[in-house]
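Structure first, commentary second.
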Amino acid sequence: MNRAQIFEKVQEIFRDIFDDQSLNINDATNSDHIDDWDSLNHINLVVSIEKEFNIKFNFNELSGLKDVGAMIDLIVEKIEK
Amino acid sequence: MITSLTYPFDISIILRKKKAIKRELLLKSPQTAINVAILGGSTTDEMKNILELFLLNNGFLPNFYQSEYNKFYEDAVFDNEELSLFKPDIILIHTSVVNITEYPRFSDNSEDVDQLLRIELRKFKTIWQSLAKYNCAIIQNNFDLPLNRSLGSLDCYDIHGKTFFISKLNLEFSNSAGEIKNLYINDINYLSASIGIKNWFDRNLWHSAKYAISFDSMPLYAHQVASIVKAIVGGPKKCLVLDLDNTCWGGIIGDDGLDGICLGNETAQGESFMYFQNYVKELKERGVILAVCSKNEHDLAKEGFLHPDSVLKFEDFTSFQANWEPKSENIKKIADQINIGLDSLVFIDDNSVEREIVSSQLPVVSVPDAGSDVMNFVDHIEKNAYFEIVSLSNDDVNRNKFYQDNNARLEQESLFRSYDEFLISLGMVAEIKPFSSLYIDRITQLINKTNQFNLTTKRYVIGEIEAISGDENYIKLYGKLTDKFGDNGLITILIGQIIDQACHLDLWLMSCRVLKRNMEFALLDRLVEECQKRGVTEIIGYYYRTPKNNMVAGFYKTMGFELVSTEGENSVWKLMVNSYKIKNNLIKIDNE
Chain V
1 MNRAQIFEKV QEIFRDIFDD QSLNINDATN SDHIDDWDSL NHINLVVSIE KEFNIKFNFN
61 ELSGLKDVGA MIDLIVEKIE K
Chain A
1 MITSLTYPFD ISIILRKKKA IKRELLLKSP QTAINVAILG GSTTDEMKNI LELFLLNNGF
61 LPNFYQSEYN KFYEDAVFDN EELSLFKPDI ILIHTSVVNI TEYPRFSDNS EDVDQLLRIE
121 LRKFKTIWQS LAKYNCAIIQ NNFDLPLNRS LGSLDCYDIH GKTFFISKLN LEFSNSAGEI
181 KNLYINDINY LSASIGIKNW FDRNLWHSAK YAISFDSMPL YAHQVASIVK AIVGGPKKCL
241 VLDLDNTCWG GIIGDDGLDG ICLGNETAQG ESFMYFQNYV KELKERGVIL AVCSKNEHDL
301 AKEGFLHPDS VLKFEDFTSF QANWEPKSEN IKKIADQINI GLDSLVFIDD NSVEREIVSS
361 QLPVVSVPDA GSDVMNFVDH IEKNAYFEIV SLSNDDVNRN KFYQDNNARL EQESLFRSYD
421 EFLISLGMVA EIKPFSSLYI DRITQLINKT NQFNLTTKRY VIGEIEAISG DENYIKLYGK
481 LTDKFGDNGL ITILIGQIID QACHLDLWLM SCRVLKRNME FALLDRLVEE CQKRGVTEII
541 GYYYRTPKNN MVAGFYKTMG FELVSTEGEN SVWKLMVNSY KIKNNLIKID NE
């Protein structure tokens with residue numbers, strides 16, 4: 001799976017979690033851009049990403065992530081391992 | 001039906017699309033509003049969101065109160081204006097192993113350990129006592145086992161062991177629930193074991209966000225809570241309808257014959273069918289009505305239950321429809337014959353086409369997607385909690401006898417020249433009395449599950465019934481009916497509130513198994529008598545239309561009330577007490 005394919009799947013997850021099928025994210029999207037992106041929904045994102053890609057994060061790894069780009073980089077790294 | 005919320009539950013979809021699922025559920029109407037207070041010993045937000053889905057799916061429109069993080073004790077025990085104003089119908093005490101204050105130390109002696117146990121138990125008993133003032137149902141989690149136990153297996157029987165300590169606490173919780181009327185245990189000890197403690201508790205999630213249950217377990221937890229709520233307020237399904245070939249036994253009785261069907265301990269498959277039959281028999285013994293709906297020749301189908309290894313017998317089924325009519329028609333016949341609503345039926349069939357026909361023709365019948373393997377049928381029945389109950393009354397255990405007695409009555413009926421003659425022959429004896437503590441459970445249970453013969457369909461929790469039972473401003477009567485075929489148990493309830501010189505009937509209901517027996521006349525006689533004693537001059541009856549209580553739309557008219565007003569399909573009726581004439585002359589009243 002290449003980065004673009006991963007990005008597509010992550011976008012779907014964002015749309016489901018925030019219940020907005022027109023939501024478009026990019027690498028620079030962060031919690032300032034999405035109203036509902038609070039700490040609780042952050043966990044929701046993480047859990048759904050873990051399930052989708054069959055990977056496990058430790059929460060320290062993810063709480064440090066500042067935007068979508070960094071999130072996807074970490075997914076790429078985990079999948080390649 | 002929302003598939004992801006039905007067993008085996010699509011957990012990924014629930015977690016990811018819960019907002020969309022909620023929107024879809026909110027389109028369905030009508031919903032019963034219910035106030036649920038969650039007093040948490042850990043983070044509750046996400047659990048609340050998922051619980052909301054399952055409650056909506058069960059026909060409730062929940063409104064939530066959540067305590068601040070880990071403030072379950074303070075919220076319960078100290079004055080709490082916000083919670084009082086919220087008027088909870090249900091309080092969920094969402095605690096678990098992380099909320100145990102202190103475990104035994106290795107230096108403790110057995111008295112120290114007992115003392116610790118008492119202290120921990122007192123904490124919860126104080127909570128339950130303090131919450132009693134809300135007169136609502138309290139759902140209390142028992143304890144899951146901890147992830148780690150440094151003593152290994154010894155931990156479960158050495159007095160210093162954590163798992164031993166927790167097991168004792170859980171036993172005390174169970175005993176308390178037996179003593180305290182409003183207290184119901186949510187068995188997370190069982191749930192976590194069935195999920196596996198390692199999957200149930202996510203340390204990462206606990207350390208970072210203080211969730212004491214993993215996200216993967218939350219839907220199962222929420223479903224279990226919603227099932228208890230449904231059992232308290234809504235009532236269970238009543239009848240399990242079974243197909244025969246490849247559902248109750250392996251093979252086709254019509255082709256393979258009695259000797260050819262697969263049932264019994266000789267083969268793995270035969271044993272699976274027996275396991276299923278044993279489970280069904282157990283359901284029957286605790287009050288679930290059984291019926292057969294099968295495409296078969298009636299006599300051949302019946303013969304299957306003569307198999308020496310058949311746990312179920314022909315007599316276990318209250319309705320037996322084996323013929324070549326469409327199954328949806330037969331299921332309607334079953335509901336008519338037993339005299340219950342179609343929405344009280346659960347249908348199990350190994351054939352997906354038959355399931356599809358029934359669920360498309362009769363969408364209110366519960367048809368789980370049980371597959372074709374008998375190994376999975378029990379889970380589809382149990383994990384959807386169709387028949388979940390919160391108390392086991394004698395009436396539940398005897399109910400099947402009632403329905404069988406009823407069939408004997410039906411057979412008798414045709415032998416008499418007039419219906420009155422038949423009724424007289426029944427030798428009916430009724431007991432009609434004000435509520436007493438002995439029957440509070442049964443009264444509450446009947447109130448919350450009766451849909452057809454129910455004028456207002458007002459629901460009450462047990463605390464409200466206790467309060468009314470001691471309140472002089474209410475006339476509150478129950479009726480029991482016995483006849484020569486058996487004891488029908490407590491089958492009718494009436495609650496009237498006295499305001500000035502009028503008695504307003506908040507509730508009048510009767511179990512359909514005593515329809516057309518004149519019991520309503522006997523009850524009205526007694527109501528009038530009670531009114532006269534209290535100087536009440538008029539009785540005001542209310543009919544509130546629901547999708548199910550059409551049968552009593554004209555009830556007050558039949559009983560001699562005059563129409564006062566109508567609003568839409570609802571109506572108000574009036575009866576003057578002084579011109580009343582006794583109506584019952586067929587049922588003997590014995591209140592001794």
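Respectively, the protein sequence lines represent chains V and A. Residue 32 in full-length UniProt numbering is what sits at position 32 of the first sequence, and the numbering runs on without skipping anything. Residue 483 in full-length UniProt numbering is what sits at position 483 of the second sequence, and the numbering runs on without skipping anything. Glycine residues also receive a C-beta, built at the ideal position from the N, C-alpha and C atoms.
Members of the region 17–45 of chain A near chain V, C-beta cut-off 8 Å: Within the region 17–45 of chain A, the residues whose Cβ lies closer than 8 Å to some Cβ of chain V are K17, K19, A20, R23 and D45, listed in chain order.
E562(A) - DSSP class collapsed to helix/strand/coil: Looking up residue 562(A) in the second sequence gives position 562. Strand.
Use the C-beta contact count for R459(A): other C-beta atoms within 10 angstroms, 16 or more gives buried, fewer gives exposed. As a first step, residue 459(A) must be located in the second sequence, where it is residue number 459. With 16 or more other Cβ atoms within 10 Å, it is buried.
Are the region 303–315 of chain A and the region 234–252 of chain A touching by the rule of at least three beta carbon pairs closer than 8 Å? They touch, by the three-pair rule.
Quick test of your reading: I232(A) and V390(A), contact by CB under 8 Å. State the CB separation rounded to the nearest angstrom. As a first step, residue 232(A) is located in the second sequence; it is residue number 232 there, counting from the start. As a first step, residue 390(A) is located in the second sequence; it is residue number 390 there, counting from the start. That belief holds up - the Cβ atoms of I232(A) and V390(A) are roughly 5 Å apart, short of 8 Å.
In angstroms, rounded to a whole number, what distance separates the CA positions of D373(A) and C293(A)? Against the second sequence, residue 373(A) aligns to sequence position 373. Against the second sequence, residue 293(A) aligns to sequence position 293. Each residue's CA atom was taken as its position, placing D373(A) and C293(A) some 18 Å apart.
I'd like to know if F521(A) contacts chain V, where contact means its C-beta is closer than 8 Å to some C-beta of that chain. Locating residue 521(A) in the second sequence gives position 521, counting from the first residue. Chain V contact via Cβ: absent.
Using the Cα positions of N451(A) and T126(A), report the straight-line distance between them to the nearest angstrom. Start at 1 with the first residue of the second sequence, and residue 451(A) comes out as number 451. Start at 1 with the first residue of the second sequence, and residue 126(A) comes out as number 126. The alpha-carbon atoms of N451(A) and T126(A) are separated by roughly 37 Å.
Between the Cα of Y69(A) and the Cα atoms of D45(A), V77(A), N63(A) and L83(A), which residue gives the shortest distance? As a working note, residue 69(A) is residue 69 in the second sequence. Closest option to Y69(A), Cα to Cα, is D45(A).
Would you mind telling me which residues of chain V sit closer than 7 Å to A209(A), beta carbon to beta carbon, in chain order? Here residue 209(A) refers to the residue found at position 209 of the second sequence. Neighbours of A209(A) on chain V, chain order: I43.
Across which residues does DSSP place K433(A) in a beta bridge pair? The residue labelled residue 433(A) in the question sits at position 433 within the second sequence. Paired residue(s): Y478(A).
Beta-ladder partner(s) of P146(A), from DSSP: Taking the first residue of the second sequence as position 1, residue 146(A) is located at position 146. The partner list for P146(A) (beta bridge, DSSP) is empty, contrary to what the question assumes.
With Y73(A) as the anchor, note down where its alpha helix (DSSP H) starts and where it stops. Indexing the second sequence from 1 puts residue 73(A) at position 73. Y73(A): member of the alpha helix (DSSP H) spanning F72 to V77, first to last residue.
Measuring only the C-alpha atoms, how far is Y439(A) from E538(A)? As a first step, residue 439(A) is located in the second sequence; it is residue number 439 there, counting from the start. As a first step, residue 538(A) is located in the second sequence; it is residue number 538 there, counting from the start. Cα to Cα, the separation comes out at about 28 Å.
CB contact below 8 Å: F201(A) versus chain V: Position 201 of the second sequence, counted from the start, is the residue given in the question as residue 201(A). Not an interface residue.
Using a beta-carbon distance below 8 Å, is F54(A) in contact with chain V? Stepping through the second sequence from its first residue, residue 54(A) is reached at position 54. Put simply, the CB of F54(A) is far from chain V, with every gap to its CB atoms at 8 Å or more.
Cut-off 7 Å between Cβ atoms - residues of its own chain near I261(A), not counting five sequence neighbours on either side: Within the second sequence, numbered from 1, the residue matching residue 261(A) stands at position 261. Answer for I261(A): W249, G250, G251, I253, G304 and H307, listed in chain order.
Please report the distance separating the alpha-carbon of D336(A) from that of A370(A). On the second sequence, position 336 is the one that residue 336(A) refers to. On the second sequence, position 370 is the one that residue 370(A) refers to. Distance between the alpha carbons of D336(A) and A370(A): 25 Å.
Cα-Cα separation between S310(A) and E179(A), rounded to whole angstroms: Here the question's residue 310(A) lines up with position 310 in the second sequence. Here the question's residue 179(A) lines up with position 179 in the second sequence. Taking the CA atoms as reference points, S310(A) sits about 39 Å from E179(A).
Our contact map puts M47(A) next to A222(A) with C-beta atoms below 8 Å; I'd like the distance itself, whole angstroms only. Here residue 47(A) is taken as the residue at index 47 of the second sequence, counted from 1. Here residue 222(A) is taken as the residue at index 222 of the second sequence, counted from 1. Going by Cβ atoms, the distance from M47(A) to A222(A) rounds to 6 Å, so yes, they are a contact pair.
Using only CA atoms, which one of G196(A), P146(A) and L85(A) lies nearest to V98(A)? Residue mapping note: residue 98(A) aligns to position 98 of the second sequence, counting from 1. Distances from the CA of V98(A) to each of G196(A), P146(A) and L85(A) were compared; the closest alpha carbon is that of P146(A).
Beta-carbon of L505(A) versus every beta-carbon of chain V: anything under 8 Å? The residue labelled residue 505(A) in the question sits at position 505 within the second sequence. The C-beta of L505(A) comes no closer than 8 Å to any C-beta of chain V.
Determine the direct distance from the alpha carbon of N170(A) to that of I443(A), and round the result to whole angstroms. Mapped onto the second sequence, residue 443(A) falls at position 443. Mapped onto the second sequence, residue 170(A) falls at position 170. Their backbone Cα atoms lie some 29 Å apart in a straight line.
Name, in chain order, the residues that DSSP records as bridge partners for K295(A). For this step, residue 295(A) is matched to residue 295 along the second sequence. DSSP, once it has assigned bridges, lists N323(A) as partnering K295(A).
Unbroken stretches of the alpha helix (DSSP H), 4 residues or longer, contained in the region 509–570 of chain A: Taking only runs of at least 4 residues, the alpha helix (DSSP H) segments lying wholly in the region 509–570 of chain A are 519–534 and 555–558.
Which chain A residues sit within Cβ distance under 7 Å of L40(V)? For this step, residue 40(V) is matched to residue 40 along the first sequence. Chain A residues near L40(V): D45 and E46.
Between D79(A), K327(A), P326(A) and I331(A), which has its C-alpha nearest T318(A)'s C-alpha? Sequence index remark: in the second sequence, residue 318(A) carries index 318 (1-based). The residue with the shortest Cα to Cα distance from T318(A) is I331(A).
Buried or exposed, going by whether 16 or more other CB atoms sit within 10 Å of the CB of A430(A)? Against the second sequence, residue 430(A) aligns to sequence position 430. Result: buried.
In the region 255–287 of chain A, which residues sit with their C-beta less than 8 Å from some C-beta in chain V, listed in chain order? Residues passing the 8 Å Cβ filter: none.
Taking only the alpha-carbon atoms, compute the straight-line gap between D216(A) and I11(A) and give it to the nearest angstrom. Against the second sequence, residue 216(A) aligns to sequence position 216. Against the second sequence, residue 11(A) aligns to sequence position 11. Using only the alpha carbons, I get a separation of about 7 Å.
Figure out for me which residue from D500(A), Q497(A) and G479(A) has the closest Cα to the Cα of F521(A). Your numbering for residue 521(A) matches position 521 in the second sequence. Measuring from the Cα of F521(A), the nearest candidate turns out to be G479(A).
Kindly list the residues whose CB is nearer than 8 Å to the CB of I75(V), restricted to its own chain and excluding five residues on each side of it in sequence; keep chain order. Within the first sequence, residue 75(V) is the residue found at index 75, counting from 1. If we look at I75(V) and ignore the five residues flanking it on each side, its Cβ neighbours are I6, V10, I49, F53 and I55.
Going along chain A, which residues have a C-beta under 7 Å from V47(V)? Walking along the first sequence from the start, residue 47(V) turns up at place 47. Under the 7 Å cutoff, chain A gives L15 and F215.
In chain V, what lies closer than 7 Å to S12(A) by C-beta? Looking up residue 12(A) in the second sequence gives position 12. Scanning chain V for C-beta atoms nearer than 7 Å to the C-beta of S12(A) yields K51, reported in chain order.
At the level of alpha carbons, what is the spacing between K71(A) and G41(A)? Within the second sequence, residue 71(A) is the residue found at index 71, counting from 1. Within the second sequence, residue 41(A) is the residue found at index 41, counting from 1. Their backbone Cα atoms lie some 7 Å apart in a straight line.
Determine the closest residue to I498(A) out of G486(A), R513(A) and I540(A), with distance taken between C-alpha atoms. Numbered from its first residue, the second sequence carries residue 498(A) at position 498. Closest option to I498(A), Cα to Cα, is I540(A).
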